[in-house]
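Chemist: Taken in order, these protein sequences are the chains called P and E.
Each residue of the first sequence is one higher than the one before, counting from 9 in this note's numbering.
Each residue of the second sequence is one higher than the one before, counting from 6 in this note's numbering.
C-beta: ideal position from N, C-alpha, C; glycine also.
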Amino acid sequence: MDEGLRSELSKQGIFTSTLEDLYNWGRQNSVWPLQFGLACCAIEMIATSMARFDLARFGAEVFRPSPRQADLMIVAGTVTKKMAPQVVRLYNQMPEPKYVIAMGACAISGGPFKQGYNVLKGIDRFIPVDVHIPGCPPRPEALLHAFMTLQQRIDGQRLTGKSRPRHLNAEAPSEFPVPQFGAKDLEPPFNPEVWQPPRLVRSE
Amino acid sequence: MTTEYDPYLFLAVFLGIALVFPLAPLGLARLWAVLYSNNKPGPIKNATYECGLESKGDARVQFRSDYYLYGIVFLIFDVEALFLLPFAVAFTGLPMGAIVAMLVFLLLLVEGLVWAWKKGVLSWT
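1. For L194(P), would you say it is in contact with chain E, using Cβ-to-Cβ distances shorter than 8 Å as the test?
2. What does the alpha-carbon distance come out to for the pair P100(E) and W129(E)?
3. For K61(E), count neighbouring C-beta atoms within 10 Å of its own C-beta (all shown protein chains included) and say buried if the count is 16 or more, exposed if not.
4. Taking only three categories from DSSP, how would you classify Q188(P)?
5. Tell me, please, whether the CB atom of Y73(E) is closer than 8 Å to any CB atom in chain P?
6. Does the separation of the CB atoms of D79(P) and K106(P) fall below 8 Å?
7. Where does the unbroken alpha helix (DSSP H) through H153(P) begin, and where does it stop?
8. Quick one: what's Y99(P) bridged to in DSSP?
9. Please state whether the Cβ-Cβ distance between G67(P) and S38(P) is less than 8 Å.
10. Consider the Cβ of S18(P): report whether some Cβ of chain E lies at a distance smaller than 8 Å.
11. Measure the beta-carbon distance from D132(P) to L158(P) and round it to whole angstroms, keeping in mind my assumption that it falls under 8 Å.
12. Is it right to say C49(P) is buried, meaning 16 or more other beta carbons lie within 10 angstroms of its own, or is it exposed?
13. Taking the Cβ atom as the reference point for each residue, do A84(P) and L46(P) lie within a distance shorter than 8 Å?
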C-alpha cells in the first residue's frame, strides 16, 4: 500500500494495515528466548529478564527451557570449542523463524580468549547471527538495545520476494552442519555458507 | 404462552457457532502454513530429545534390584521411629482401636525385620 495514501487515511481516522505488518508485529512482540547461558554474560541476561530491567516489556520474558519452544537464542558467553557443537545442535532444534543474538565479546569474536586454543572465535562462524553485542559483559541495557534492534530487523522483513527471510524460503536450509570436536580444532573450523575468513586485499 | 419458535433451533445455532469458533482459526492457521510456513524437518530437528548432546545407548537399561532391601530397612528403622515417637507420647490417652492399629503396623514391620535378619542383610562382614 502506498505510504502517502496510508498516512492520508490515518489522518481521517481510518487505520489500515497489511498482512505482512500484522505478521511482523506479532512476531517481534512475542520472541521467546532459549534459556541458555554459557558464561558470565548469562548473569547479565538473567538480570535483563528480572524486574529491574524487565525484558517482559518487550514480550520476551518467556525463557523456554526447550529449543522446540524458543525463537531466539541468546548466545550469552564464551563458546568453547567443546561447547560449539552443542550450541549449533540446539540452534538446529529450534523451529523457524529463529533468531540469534551473540552477546558479549566472547560470543562475537572470542573476546579475551581470542589468542587461546580452546575458544571459538565467534559463534557466527557456524550459525547466522542477527545482532552482535560488544562488551565484557554487556550491561542489560545493551541486551535490551540489541533486542530492540532485532525487533526492528523483524519489522523490516518482507513476506514475499527475493529478500524474504530464511524461514519463508523453502530452499533455504533450517539446519546447519554441526562441527565435530576434533583432535586439534573443530572440524570443519567454520561453515563457509555462513562465514568466510576476511581476505586481505593489498592496494597496489 | 406458547413459544413462537422451535426451542431446538437454539441448539442448532449453538452447534453451528461451536463448530465455526474452533474451525475458523484452525483453518486460517492451516492456510497460513500452506502459503508461508515452510516445513523444514531434519534429522537433528526431529531427534527425540531436545538436547545439545546426542543421546547414547539404549533407554531400556536394567537397574539393580538390591535397592528394595535398603527400602525395607529404611522403612523399619526410620519411618517406624517417626510414628513410634508420637505413639509413645500419646500412649496413655489412646483408645483400644488405635493401639491395635498401631500394633498391627509394628508387627508388620517387625516381621519385615525378622525376614531381613534371617536373610542376612544386617551383617556387613
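Modeler: Quick answer:
1. Position 186 of the first sequence, counting from 1, holds the residue named residue 194(P). Not an interface residue.
2. Within the second sequence, the letter at position 95 stands for residue 100(E). Within the second sequence, the letter at position 124 stands for residue 129(E). Rounded to whole angstroms, P100(E) to W129(E) spans 41 Å at the Cα level.
3. Start at 1 with the first residue of the second sequence, and residue 61(E) comes out as number 56. Per the 10 Å Cβ criterion, exposed.
4. Residue mapping note: residue 188(P) aligns to position 180 of the first sequence, counting from 1. In the structure shown, Q188(P) sits in a strand (DSSP, three-state: E or B).
5. For the purposes of this step, residue 73(E) is taken as residue 68 along the second sequence, with counting starting at 1. Not closer than 8 Å to any Cβ of chain P, the Cβ of Y73(E) fails to qualify, so no.
6. The sequence position of residue 79(P) within the first sequence is 71, counting from 1. The sequence position of residue 106(P) within the first sequence is 98, counting from 1. Yes; because the gap between Cβ atoms is below 8 Å, this pair is in contact.
7. For this step, residue 153(P) is matched to residue 145 along the first sequence. Segment 148-163, the alpha helix (DSSP H) holding H153(P).
8. The residue given as residue 99(P) occupies position 91 in the first sequence. DSSP lists no partner for Y99(P).
9. Residue 67(P) sits at position 59 when you count from the first residue of the first sequence. Residue 38(P) sits at position 30 when you count from the first residue of the first sequence. A distance below 8 Å separates the beta carbons of G67(P) and S38(P).
10. By 1-based counting over the first sequence, the position of residue 18(P) is 10. No, no contact with chain E.
11. Translated into the one-based positions of the first sequence, residue 132(P) becomes position 124. Translated into the one-based positions of the first sequence, residue 158(P) becomes position 150. Their Cβ separation, rounded to whole angstroms, is 15 Å, which puts D132(P) and L158(P) out of contact at 8 Å.
12. Here the question's residue 49(P) lines up with position 41 in the first sequence. Buried, because 16 or more other Cβ atoms sit within 10 Å of the Cβ of C49(P).
13. One-based indexing of the first sequence puts residue 84(P) at position 76. One-based indexing of the first sequence puts residue 46(P) at position 38. Yes.
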